[in-house]
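Chains as they are written, first to last, in my numbering: chain Z, 1 to 296; chain G, 1 to 311; chain V, 1 to 547.
Glycine included, C-beta positions come from ideal geometry on N, C-alpha and C.
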Amino acid sequence: MNSTPDASVPATAGPGATRMSVAPSLRTLAGWPWGAVLAAVFIAVLAGITAFPQSLSGDDPLSGDITQSLVPPGAEHWFGTDRLGRDVFTRVIYGARYSLLIGLAAMAISVSAGVLLGVASGLGGRWRDEGITRLFDVLSAFPAVLLALLVVTFLGPGLFNIALAIGIAGIPKFGRVVRSQTLLVRRADYVTHAVIYGRSRLDTLLRHLLPNVLVAVPVIATINVGSAIIAVSGLSFLGLGPQPPTPEWGVMLAEGRDILRVAWWAGVFPGLAITTSVLAFSVLGQHLQRRFEGRL
Amino acid sequence: MPSPHPVLKAALLRLGSALLVMWLAASATFVALHALPGRIQDILAGDLELPGLKEAISAEWGLDRSLPEQYLDFIVRIAHGDFGSSYVMRQPVSKIIGSQVLPTVTLALLAGALATLIALTLATLTAGRPGPARRLAATLELGSASVPVFWLGILLLMAFSFRLPWFPVSGDEGWRALVLPTLTLALPTAGILTQVLREAMEKALEQPFVTTVRARGLGELALRLRHVLRHALLPAVTLGGWLVGSLLGGAVITEKVFGRPGLGTVTLNAVLSQDVPVVLAVVLLAAFVYVLVSTALDLLYLAIDPRLQTP
Amino acid sequence: MTHHRSTLSSLTALPALSLLALLTAPGSAWSNEAGVPGGQITWGVTTEPACFNPHRSSQQNAFLVIRNYIDSLVGKRSDGAFVPWLAKSWSVSSNGKEYTFQLRDDVRFHDGERFNAEAVKANFDFIRNPKSSAAAASFLEYYLRTEVLGPYTAKVVLSQPDSAFLESVSSVKLGFLSPKTLASEADLCSGGPGLVGTGPFIFEQYQRGQSVSFRKNPAYQWAPAFAQHTGPAYLDRVTYRFLPEYAVRTGALSSGQVDLIEGVQPTDISAFKDVAGFKLLTGPSSQTSFTLNINYRRGVATDIRVRRALRDGFDLDALVKSIYLGTVPRAWSNIGPDNSGYNPRLAGTWGHRVAEANKLLDEAGWTGRDPQGFRTKDGKRLSIEVGYPQPYVRDNRDLLIQGIQAALRKNIGLDLNLRIVSNGEWTKSLTEASWSIYPNTLNPADAALELRDVLGDTGFLYNKTVPDAGKVDTELTGLINEARLQSDLKKRQALLDKIQQIAVDRAYIVPLFAPHYVVAAKRQVEGISFEAQLDSPSNSHDLWLRK
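In structure tokens form, the structure reads like this:
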């Protein structure tokens, strides 16, 4: 399964982590390469159709005209219809919310737990640090897909459980980065000054430590939303996610697989949707990373 | 006089850490199993309703004993490779896994080898050379890393099994049946590997020794292969564990797309029938393999890191 | 000349005539060619048998594998007549309670032991023993004992006349395992060479998740009278590969990895029909139709108006025609249209009355609507769950239910919640009587037995261990019990007709379509047929490879 190695390795989803790497020469738009602009626009559209799918399609994603089954793409059905006569374009549009929201939910779990543990580890004494680092090691030893399988075996299938599983699997990615950032910042001057001035620990934490530690998080998160989306749709493809007739992209690909011989469109468009979404997040994330690195 | 002790010490530390992680992983699954609501017998039985089943499970797992005793027993058994029995399949788990592991390992190894080969080739050829080739390569890598494994498999099936009947749609007979699954599993991983490798190479290319070597008149390709690669491989070697994990996870999905028998299929069926012992065993084994591989690679790293060689 | 009287046969069984009839039997793929011995064949099948023991298996799609090593006392021909198999002949006592079977004397189990009256007794006693948890025990409901009158004469004594007995005895579920196997207390479900039968093939090897293979039994001379040839199988070895996915099976045949497949979905028929190098065969209509069984004792389904609304709230014709591309007919009863027990007068009497369905639901008080468009009453959504066990999903049936789900939502605002559940979950819901709708076709059996399995008082609708599981329709269960005991054919059929009519009228069942098996094969594979009682493709005994 596509998973990105965690940030203990310099490059996550793309080049550009080192200051001295050769930047590809791209035309820019207000300082942003046009690739990143496209990506940002696409993500905005994705967010839009997650919230308001009706804006792009008036059809019902859950029912169709049974006499219009397996119609190839054409004027009336841009992406064709599936076996139950449902419009594939509409289903792809409505499917965006599942991949996006669950990907984000998984990310949220990874981020919150990762940050908490990373800060605790970075601030803690030797044993706490060692312990939490080992915890990260253990978590990253389990491949995300298999961890998700274990969670589903215990808790049953469903979108929430999948999000939980992927979220847990992603904790080390954030945890390690936050930990190293915490270790750095902890010894920084302004923190020492804050302590000397008698600020409470909590105050120091919130006002000085966290903001500097967390600066890297949105970048990593953006890059990794892509792999979360792939993971969610992959697990749904395996049948561990939502049940039909939910128009989730992975589920649609699983259904389309049976009729590829006679209906290529059922196997192409949902996959295209996944790939472009992931691409958009990766490109945007890469760009943010380059900027972030540049600022260091 | 070069002292082996720092390296040896580091190696031992690494090994100890590996064992620790494996023990922690096993313990984590034990904790997870016991932390779930409901009795263990019920969980392990999944959804089977056979007379005497729960009692048999209790006996086998020693559920009437104290928790520390159970834990010790659990760890000892795992250390011996005994993962208990699957009640759904009425067989010892180790037997089930043993009979199905070969096709999966074959696929994973081949895919891993292919991915590495692609990564090495592309990175060597395009590192540090701005221009269309590099841009194209970068785009392709980004693309392949964004493509879901199962979709790639479906596309390859459509192109090379349905349209052009070159390769079989499913199964595992003959070398032909391995081609598409290997490609499917290898390409997304190759994308990420290439990025990492190329970047490491570019970093290495900026080292001073490169100028020296070039000044001596060594050709570019030879330079890259003989000198730079070694430096570039070091950070990439640490990716080995991740690679293994990614391949194993991807194998599950690839086996489903191509109808190949193997550990992935077994695990998926086990998940769907709530066969906890099998899933537990497979997941733990994957974790162990990851730890072993990354430890071995780390030790290798220690051995070959030029910075650790004393003059 | 011995005579055999079968109470269910539609033929008058005069000896000479039956002999003639045997020779010119219609309905079996009779071929005039002699088969060529030798060779191996690989099947691609949908389902991996969950249990290889015929006594304990209820998995329809496993029977075509099991039949290779299991024989029965009598065989059922495609026209419904019962013909000799392991029993040369049989007679029934005048009170209908004693069946005396004259067995062949040349039958041997795969381990060399003789098949004789003792073996019959051992098997039937074993099945009947509650400790064996044999699903087949339901066939031996009135079984008292087997008396061994001679080495090859067995008399089965029943407590009551059983009009279904011959049909039951022709089933693979009452087939014979060697008494040594039975006594060994091994776990017979997991297959393996320890599973010793008398069939044309010997169990060779079982690779879980992959395939099962059998080798020829060279001593086989006791094929059923409906087989295309007597004598041993032509093939040296036959392998059944488990390929649960449609595209994978189709692909395996197209690329030549297997020689024939069962379970060709309608969209793949064009890959083999009239295509050079392949052939396509369609079996007879199944003995029972794929039906939604509604647990009328629970939840919203206790209201007959809701059930009728569900039954009539969608256009079944259009759905079936579209999904199955016109290859199968929609159903009017849960008994199949080719089953002799079918009530043909039910055709056209129900279904697709959306306006009326809506009126019924309004009357029943489901007048609210929630934001998704489903009806509500007192804030609760009109929702019924369909729990479909994963191992039985095949033949695009889940797709059909999805189509119904979409239609019901659109037409009448009813939420038909389809869930694919694990086998264990289904079993649990059965024992707790918590299931709402169970879709299935039944294992082939006598029609009265089939009706009783669902709607009768021992059927899965009536879980005795849950005392307050709801009211019982005693008129229906009474009729079923009566049919069960009725030996007069015409009176029995009248009862069966009435039972089906009530079941459909009160919407305890919603029959969907009459499935059939589709087998696709390479052109060289000959001798493919369908066994009537098995309700599926025959075993591989008659298969041979044309060079």
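Using the DSSP secondary-structure output, state which residues sit across from residue i in a beta bridge.
i, result
"V:D236", "DSSP, once it has assigned bridges, lists no residue as partnering V:D236."
"V:A521", "V:L260, V:K279"
"V:I41", "V:V238"
"V:F530", "V:P537"
"V:Y143", "V:L158"
"V:Q221", "Bridge partners of V:Q221: none, in fact."
"G:Q91", "G:S86"
"V:E385", "V:N417"
"V:W544", "V:E526"
"V:G368", "V:T376"
Return helix, strand or coil for residue i, following the three-state DSSP convention.
i, result
"Z:N224", "helix"
"Z:V41", "helix"
"V:N440", "strand"
"V:G150", "strand"
"V:R77", "coil"
"G:L152", "helix"
"G:L120", "helix"
"V:F63", "helix"
"V:R215", "strand"
"Z:W32", "strand"
"Z:T246", "coil"
"Z:F281", "helix"
"G:Y290", "helix"
"V:H516", "strand"
"V:T327", "coil"
"G:S99", "helix"
"G:P68", "helix"
Strictly below 9 Å CB to CB, what residues from chain Z border residue i?
i, result
"G:I154", "L253, G256, R257, L260, G267, V268, G271"
"V:T267", "L70, R83, D258, I259, R261, V262, A263"
"G:P181", "Neighbours of G:P181 on chain Z: none; closest Cβ ~14 Å, over 9 Å."
List the residues of chain V whose Cβ lies closer than 7 Å to the Cβ of residue i, in chain order.
i, result
"G:L272", "Q390, S422"
"Z:T67", "A318, S322"
What does residue i touch in chain V if you count any residue whose Cβ is under 8 Å from its own?
i, result
"G:R90", "D187, C189, S190"
"Z:L139", "Within chain V, no residue comes near Z:L139; the closest Cβ sits about 28 Å away, beyond 8 Å."
"Z:L62", "A406, R409"
"Z:Q243", "L418, R419, I420"
For residue i, go through chain G and note every residue whose CB falls closer than 8 Å to its CB, in chain order.
i, result
"Z:F160", "Here the premise fails: no neighbours, minimum Cβ distance about 16 Å."
"V:Q210", "P261"
"V:A507", "None at all; the shortest Cβ gap to chain G is about 30 Å."
"Z:T246", "Per Cβ cutoff of 8 Å: no residues; Z:T246 is ~17 Å from chain G at best."
Excluding the 5 residues flanking residue i on each side, which residues of the same chain have their C-beta closer than 6 Å to its C-beta?
i, result
"V:F272", "F278, L280, A520"
"V:A186", "G194"
"Z:F42", "A280"
"G:V101", "L263"
"V:T327", "P266"
Along chain G, in chain order, which residues have C-beta atoms closer than 9 Å to that of residue i?
i, result
"Z:D87", "In chain order: nothing, as chain G lies at least about 20 Å away."
"Z:I196", "None at all; the shortest Cβ gap to chain G is about 36 Å."
Using a Cβ cut-off of 9 Å, pull out every chain V residue sitting near residue i, in sequence order please.
i, result
"G:T267", "Residues of chain V passing the Cβ test: none, with the nearest at roughly 11 Å."
Give me the chain Z residues within the contact set of residue i, using Cβ-Cβ distance strictly less than 7 Å, ordered along the chain.
i, result
"G:M158", "L260, W264, G267"
"V:A271", "R261"
In chain G, which residues lie less than 7 Å from residue i when you measure between Cβ atoms?
i, result
"V:G251", "S161, P168, V169, S170"
"V:A247", "V169"
What residues in its chain sit with their C-beta under 8 Å from that of residue i, if we drop five residues either side in the sequence?
i, result
"G:G112", "A186, T189, L243, V244, L247"
Who are the near neighbours of residue i in its chain, counting only those whose CB is closer than 7 Å to its CB and skipping five residues on each side?
i, result
"V:D111", "S178, K180, V196"
"V:L416", "I384, V386, I404, Q405, L408"
Evaluate the contact criterion for the stretch 441-453 of chain V versus the stretch 157-172 of chain V: three or more CB pairs, one atom per stretch, below 8 Å.
Judged by Cβ distances under 8 Å, the stretch 441-453 of chain V makes contact with the stretch 157-172 of chain V, as three or more pairs qualify.
| task | Please determine if the stretch 37-44 of chain V and the stretch 227-238 of chain V are in contact, where contact requires at least 3 C-beta pairs separated by less than 8 Å. | result | In short, these stretches touch, since the Cβ pair count reaches three.
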